[in-house]
Each structure stands twice: as structure tokens, then as C-alpha cells.
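Line by line, the protein sequences are chains E and Z. Mapping of the first sequence onto this note's numbering: position 56 corresponds to residue 56, and the numbering continues sequentially without gaps. With positions in the second sequence counted from 1, the corresponding number in this note's numbering is that position plus 1000. Here a beta-carbon is modelled for each residue, glycine too, at the ideal position from N, C-alpha and C.
There are 2 protein chains.
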Amino acid sequence: MSVGIKDVAVAAGVSPATVSRVLANHHVKPELRERVETAIRLTGYRPNLSARRLRSQHSNTIGLIVPDIRNPFFTTLSRAVEDAAYKANMRVVLCNTDENPSRETMYLRLMQEERVTGVIYAPTRETAAQLDRLNFDFPVVLVDRYGPAGKHDSVVLDNRQASAALVEHLHARGFRSIAGLFGNTSSTARDRLSGYTEAMQERGLKPRTDFVAPNPDAAAVVARQILSRKDRPDALIASNGLILLGIAQAMQELGLRAPDDLAVAGFDNEIWTGLIGSGLTVIEQPVADIGHSAMRLLFERIETPEMAPRVVMLSGKLIERNSTRRLS
Amino acid sequence: MSVGIKDVAVAAGVSPATVSRVLANHHVKPELRERVETAIRLTGYRPNLSARRLRSQHSNTIGLIVPDIRNPFFTTLSRAVEDAAYKANMRVVLCNTDENPSRETMYLRLMQEERVTGVIYAPTRETAAQLDRLNFDFPVVLVDRYGPAGKHDSVVLDNRQASAALVEHLHARGFRSIAGLFGNTSSTARDRLSGYTEAMQERGLKPRTDFVAPNPDAAAVVARQILSRKDRPDALIASNGLILLGIAQAMQELGLRAPDDLAVAGFDNEIWTGLIGSGLTVIEQPVADIGHSAMRLLFERIETPEMAPRVVMLSGKLIERNSTRRLS
DNA sequence: AATCAATCTGAAAAGGTTTTCAGTTTTTTG
DNA sequence: CAAAAAACTGAAAACCTTTTCAGATTGATT
């Protein structure tokens, strides 16, 4: 059937072991190496990765488990992870959980069966809570979200600070009735909530919060309610890009415009936030950096398994646009 | 080290073969099956997929090779492919080529080494042209783009028709000087070009075309030139979502608005096209359908390898928005 | 009751590679 | 130049399953 290392060995007049050594760049006399290499070319030999993995006990595979690759944050993240992975000669197996804990456990089990080298993982809060009870045979690096302190490496945005920066920005521009619409599944949303709440209280302002599943449709439903209330807020903050999108859609339907009718700000500097109306003020996350850092942590963890778990915290950047302009 | 099928066999007091049969749902006496199942639970056994793949000669893996997962078209496509794959108990290995032929050949080689069950592939024109000379050990289904007729299955939009529909739409609304900005790497852009050209000529209009690498920055550069010409067109068509985005950015920089300054239309109903200004007219592609169809074709090809190659052509849908409104 | 068929189980081979171990050749050293 | 060390190579074991084949058990038929 398919040509294997044995056939190459025969063609080159050497043992399979020697072929394997040539492939792995071990020491082999130039002359033999030459013969093997032409034999490989002639036979069109391609290594069988399953066999290689089985014998060498290295899968050269890393798992990427995210809620939904269609969330632009995770799209960009996945690209960064893949670039780093392929540079290190590793494959990436991609898994979408839809924020569904049962899918998460199923994929984590799959990762075990694949004997992956490591996993980059954005868990739901529900699964994250049990994360230190679970035991994996591979290192896990959490991204965007984290679990109970201490068991796994993680890389996250400084969410409280970022959230507070939004409040500060709005406050400085004269807004006082600042509402927040937050996701209800991740540690990230929770941190952004507490950053918001604290910043509000520091300024003697009353927090006004709502919670929603982190997707545009669900957010739009709640946003419509908030925006139709008699005491509509002056400003509305979204805890991530999907929710911000829902708000934008609700505003369009209701014929409301920022900043004239109310100020709007949120997270994730997605393309459309710069194009819509006269621009939406957002916190930009260094998404590619997050992905690269996660891979770096993963590799370092593999190198030094005993090292104490680390948290890498990156700063967001406030992108001021017209949606939070001071009204004259 | 890790618990294998042998350990389970010992624990259950049966042979490894029986354990394997239980795992594969073959006939095994209820009593033994019971014993094996509890042994599996007790030992925490997890199958080793590498070993399984090596022995069974089924990788249960499909490759997905796309230019860039960050292009929303391919993001959505990948999600559809993965959903279908995981339903069929298959993994997906994701590869980004950046429209770079050398990365394409490298990934195709990787697919051979993985002994994948099949590949879903959006090739550059350059590689597509050689595609019938190459021989793979696995079926390949082309998506979005196709190669020289006849060797592989493919799923594409009816691009000529869609492109013509845009011209027709603009023509019906009174626009006559209709320019087109097309990508230069794919068969898709070429088809959209010829649909455009023919539709223009049928109406006695002179085609005005420019070509550009399919990414927003490159498109923005050319768009700025087009929009600054003395004989600026009445209307501008983009051959895909990334180019349309470049045009939108250029217009914003130049302070131009659609439809007042010129009409704008394009492909791919991305979120932002409905939010920007008063909406951009686009052809919406049934992206998820394209992904599902591709997987269906792949599975049917595996089932019936001899079948003549098929082309599935899906229709786009014109979403009329304000950017092509007739000027009163 | 004896035979035949059908069902179930276990021993052993197979899948394609890497790695160990021992043996052979080459190089270095005294 | 001889002995020791180093470098290289090949045979065989190992990685963990699935699958084949033959043997054993059960059930059905005459």
C-alpha cells in the first residue's frame, strides 16, 4: 500500500533505524545520509504521524478550546495561537464549546485521548470553578478567563482597571447615569463588573447593572428594555464586543444615536466599532499578544513543570471615539 | 505510566481483545460487558487515539485549509465544517495559508502525513491551476474557489450571476458609471469579474476595473485613488468583504458618503455592512450551507470514491440597503 | 442424544515508527 | 603502533491498539 520507512530502507540499502535517524537529523555518515535522502525522494515517502506519535509519545498537538471561533476576539486569538504553534512544528485542534459545560468536558476528554502536549482554554465560569479538582496529564493555560487561583497559568486583560477606565472616561466627560450590561458566563465579565462598580462608587455614583448571555441577540433584547425605560441612562457600557453589537443593533432599531441620545462604550476594538456612526469608544485588547503569551507560558510550563503557576495580566487601551463625546 | 487497554483487561479479568470489542460496541456477552465497563470506570482508562489510528488506519481527521480564518467568510465556514465534523466524530486541523502558495504546499504535505480522511480547501489560483497534476491519497473538496474542471468536488457561489445581479441592481437605480474593484488571487474574483463585465456590456456600459490583493489595507490604497479621480464613478462594486471594508475605510477618510457621493455595493453580508452609515447593499452568501455542503460532498466521496466529481453551486441573495438608493 | 451452526472469546499478529542495546568501524591518545 | 574512546550502524523491542484466526461454548436441529 503506502510506502513506509522499511521500503525506503530497502531502497537505500540500510536499516530502518538509519532512515529514522536521517529523518530526525541525528548523526549519520554523509554518504549514507545521501543515499537515504535520494531514496526518500525516489519513493515519495511521507512519515506516518500516527505511528511516530505512538512510538515517540509526543503528539505535537495542542488543543484550543474556545466558546465560539466566530467571536472576533477568539478568531484573532486562534490565529495567534496557530502561528506560534506551527512555528514550533505543532498542530492545533480547534474546539468550540458554545459556552456549554457539557461540551467543555467532552472536549477536555478528547484532549486526553489525543494525548495533547497542552491546551489553551477559555472556560465558562461553571467549569472554571471545578478546574482545580480536575487532573489533566497536560498543562492547561487559561486565556481571557481564569479559574480558582493557583493551579493553572493564565493570561488575561486587566479587566477591572479597563472597566474603571471606561467609567472614569465617561465621568470626566460629564456623564453621571452610567449603566452597564454584562455577560453572565465568564470570570472576565465578573471582573469588568467589579471594576465598573468600584469606579462608580468611588465617584459617588449608583451602579446600574444588567446581565445577559454574551451574544448579540440576547444583548439586543435586554438593551431594548434598558433603552426604553423612563429613566434611560446617560451612558451605557457593554462588557464585551458581542454585547456591544447587540446594543448597537437595538439603538439602530429604536432610532437612537450616540452620543446625542446617550453615550455608548464597550470592549473589543472590532472593525465595525470604528465605522459605525461616528465611531464607538472601546477598550482595545492586545488579542494577538494574549495568544502569543499563552503559547509562551505553555512552552515554558512544558520546559519547567514544577514552576509556580503564573498570571500574565495585560493592559487594555482606551480608544476614544465619538460615541462618548461630551455634549455641548 | 498511563493506563492502557491491557490494564483494563486485567482488572476485568478478560482479554484485551474483549475490551476493544466493548469499546467498539461489538457483540460481547452482557455480563462481560458489564465487568469491562466498570473496569474502565475504575481505572479511568482513556483510549490512545494515536495507537487506534495507527492500527485501524483511520485518522478520523479532516483538514481545513483556508487563506485566513480572520476573514469572516472563512470563520463562519470553519464553524460549519467543525460542527459537521464533530457530529461525525472527526477532528479538524486548521491551516491558514495567507494566500501563500508555498504555505499551501507545505500544509498539503502535512495532510498526507496526518493521513487525513479528507480535506476542505480554498486554494489560491496559482495552486489551483496545478491541482489536477497533484495526486492525493485523500479526497479534496474545494470551497469558494475551484480548480481546472473535473478532478475534485467543489462548492461555490454562483458568482457570475451574483455579480451580474449587483450590476443589474445598480443599473435599475440609475447608475451608469459603475466601477469594480476585484481581488487578484482567486477563481472567485475572476468569476465575479466576468459576471460584472458581461452584465455591463449587455447594457452598453463600459467596465472599469481595478485589481488588488484581497485585504482591507491594499484595497483602501487603491480605493483612495479611484475615489480621487476626476472622473470618479457613480458606483463602486467590491468583489469581497475585505475589499468592501477597504473601500468603506477609504470613504470615511475622504469624507465621502454612500449613496450621496457614490453608490457602493459588494459581497458578504458581514455585521458591519448593516450598521455602517445607513447600510451597505451586499450579496449575502449562504456560508454555513457552503460548509455543510462541502462536508456532505466529502463524506459521499469517501462512501463512493468512483463517482464523477460534482460542483455544487449555491445562489447568493441580494440584500438591498441604502448605499445604492436612487438619488432623487 | 448427536451433530451442526452460530455465537462468543482469547492468543497472537499487525500497523509504522523510534529507541535501546550491542556490535562494528573509525578516530584519538599515549 | 596498540589501546582506548568515540562514532556510527543494525536487530529487535516497544509504543497501544485493532483484527484475524482458531478454539470453545452455546443453541438449534434431526
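Limits of the unbroken beta strand (DSSP E) element including residue i
i: Ile237 (chain E); result: 235-238
i: Arg208 (chain E); result: 208-212
i: Thr197 (chain E); result: No beta strand (DSSP E) contains Thr197 (chain E), which is instead part of the alpha helix (DSSP H) from 187-202.
i: Ser1154 (chain Z); result: 1153-1157
i: Val1311 (chain Z); result: 1311-1314
i: Gly1004 (chain Z); result: First-last for Gly1004 (chain Z): undefined, no H or E at that position.
i: Ala263 (chain E); result: 263-267
i: Glu1284 (chain Z); result: 1281-1284
Any C-beta of chain E under 8 Å from that of residue i
i: Thr1075 (chain Z); result: yes
i: Asn1025 (chain Z); result: no
i: Val1352 (chain Z); result: Residue 1352 (chain Z) lies beyond the range of chain Z shown here (1001 to 1328); nothing can be said about it.
i: Ile1271 (chain Z); result: yes
i: Leu1094 (chain Z); result: yes
i: Glu1284 (chain Z); result: no
i: Glu1099 (chain Z); result: no
i: Glu1082 (chain Z); result: yes
i: Ser1078 (chain Z); result: yes
i: Leu1245 (chain Z); result: yes
i: Leu1181 (chain Z); result: no
i: Gln1134 (chain Z); result: Reading the sequence as shown, one finds Leu at residue 1134 (chain Z) and not Gln. For Leu1134 (chain Z), the answer is no, since every Cβ of chain E falls outside 8 Å of its Cβ.
i: Leu1242 (chain Z); result: no
i: Arg1329 (chain Z); result: There is no way to answer for residue 1329 (chain Z), as the model of chain Z reaches only from 1001 to 1328.
i: Ser1113 (chain Z); result: Here the sequence assigns Glu to residue 1113 (chain Z), which means Ser is not the residue at that position. Yes, contact with chain E.
i: Gln1252 (chain Z); result: yes
i: Ile1040 (chain Z); result: no
i: Ser1002 (chain Z); result: yes
i: Leu1275 (chain Z); result: yes
i: Ala1248 (chain Z); result: yes
i: Ser1059 (chain Z); result: yes
Nearest residue (CA-CA) to residue i, options the options
i: Arg35 (chain E); options: E:Leu49, E:Tyr45, E:Ala11; result: E:Ala11
i: Arg1160 (chain Z); options: Z:Ser1315, Z:Ser1323, Z:Phe1074, Z:Val1003; result: Z:Ser1315
i: Asn135 (chain E); options: E:Gln112, E:Leu142, E:Ala122, E:Val156; result: E:Gln112
i: Asp1217 (chain Z); options: Z:Phe1182, Z:Ala1250, Z:Gly1266, Z:Leu1110; result: Z:Ala1250
i: Met1307 (chain Z); options: Z:Pro1067, Z:Pro1233, Z:Asp1153; result: Z:Asp1153
i: Leu110 (chain E); options: E:Ala85, E:Asp137, E:Ala84, E:Thr124; result: E:Asp137
i: Val1282 (chain Z); options: Z:Asn1048, Z:Val1264, Z:Met1295; result: Z:Val1264
i: Val1311 (chain Z); options: Z:Cys1095, Z:Leu1157, Z:Asp1098; result: Z:Leu1157
i: Ala1179 (chain Z); options: Z:Leu1262, Z:Leu1298, Z:Ala1128; result: Z:Leu1262
i: Ser323 (chain E); options: E:Leu242, E:Ala238, E:Ile302; result: E:Ala238
i: Ser78 (chain E); options: Z:Leu1297, Z:Asn1096, Z:Ala1084, Z:Arg1257; result: Z:Asn1096
i: Ile1290 (chain Z); options: Z:Arg1055, Z:Gly1044, Z:Ala1122; result: Z:Ala1122
i: Pro1047 (chain Z); options: Z:Val1066, Z:Val1019, Z:Pro1067, Z:Glu1126; result: Z:Val1019
i: Gly195 (chain E); options: E:Glu168, E:Ile69, E:Ala129; result: E:Glu168
i: Ser1067 (chain Z); options: Z:Asp1234, Z:Met1313, Z:Pro1233, Z:Ala1213; result: Here residue 1067 (chain Z) is Pro; the residue named in the question, Ser, does not match the sequence. Ranking the options by Cα distance to Pro1067 (chain Z), first place goes to Z:Ala1213.
i: Pro1207 (chain Z); options: Z:Ala1172, Z:Thr1117, Z:Ser1177; result: Z:Ser1177
i: Phe74 (chain E); options: E:Glu303, E:Lys317, E:Ile319, E:Gln285; result: E:Gln285
i: Val116 (chain E); options: E:Leu298, E:Arg321, E:Met313, E:Lys317; result: E:Leu298
Start and end residues, alpha helix (DSSP H) containing residue i
i: Phe299 (chain E); result: 287-303
i: Thr1273 (chain Z); result: 1271-1275
i: Glu1253 (chain Z); result: 1241-1254
i: Leu318 (chain E); result: Taken as a continuous stretch (DSSP letters only), Leu318 (chain E) belongs to no alpha helix (DSSP H), being part of the beta strand (DSSP E) at 317-319.
i: Leu1181 (chain Z); result: Careful: Leu1181 (chain Z) lies outside any alpha helix (DSSP H), inside the beta strand (DSSP E) at 1178-1183.
i: Val222 (chain E); result: 216-228
Any chain Z beta carbon closer than 8 Å to residue i
i: Leu54 (chain E); result: yes
i: Ala51 (chain E); result: yes
i: Asn48 (chain E); result: yes
i: Ser323 (chain E); result: no
i: Gln338 (chain E); result: There is no way to answer for residue 338 (chain E), as the model of chain E reaches only from 1 to 328.
i: Leu108 (chain E); result: no
i: Ile69 (chain E); result: yes
i: Asp137 (chain E); result: yes
Proximity test, residue i beta-carbon vs the ligand GTP heavy atom, cut-off 7 Å
i: Leu1254 (chain Z); result: As far as ligands go, the structure on display features none, and thus does not contain the ligand GTP.
Starting from the N-terminal side, write out each stretch of the beta strand (DSSP E) that is 3 residues or longer and does not extend beyond the stretch 1081-1142 of chain Z. Whole beta strand (DSSP E) segments, 3+ residues: 1091-1096, 1118-1121.
Taking one C-beta from the stretch 1060-1070 of chain Z and one from the stretch 1082-1093 of chain Z each time, how about it: are there three or more such pairs within less than 8 Å? Contact between the stretch 1060-1070 of chain Z and the stretch 1082-1093 of chain Z is present, because at least three Cβ pairs lie under 8 Å.
Are the stretch 1147-1161 of chain Z and the stretch 31-47 of chain E in contact at 8 Å, needing three or more beta carbon pairs? At 8 Å Cβ cutoff, the stretches do not touch.
Check whether the stretch 237-250 of chain E and the stretch 96-109 of chain E are in contact - that is, three or more C-beta pairs closer than 8 Å. With the cut-off at 8 Å, the stretch 237-250 of chain E and the stretch 96-109 of chain E do not touch.
Mind pulling the beta strand (DSSP E) runs of 3 or more residues that sit fully within the stretch 1008-1078 of chain Z? Counting whole runs of 3 or more residues, the stretch 1008-1078 of chain Z contains the beta strand (DSSP E) stretches 1061-1066.
Are the stretch 1193-1203 of chain Z and the stretch 1212-1229 of chain Z in contact at 8 Å, needing three or more beta carbon pairs? No: the two stretches stay apart, fewer than three of their Cβ pairs being nearer than 8 Å.
Does the pairing of the stretch 184-191 of chain E with the stretch 268-277 of chain E give three or more beta-carbon distances under 8 Å? Counting C-beta pairs closer than 8 Å gives fewer than three between the stretch 184-191 of chain E and the stretch 268-277 of chain E, which falls short of the contact rule.
Taking one C-beta from the stretch 19-32 of chain E and one from the stretch 1009-1028 of chain Z each time, how about it: are there three or more such pairs within less than 8 Å? No, the stretch 19-32 of chain E does not touch the stretch 1009-1028 of chain Z.
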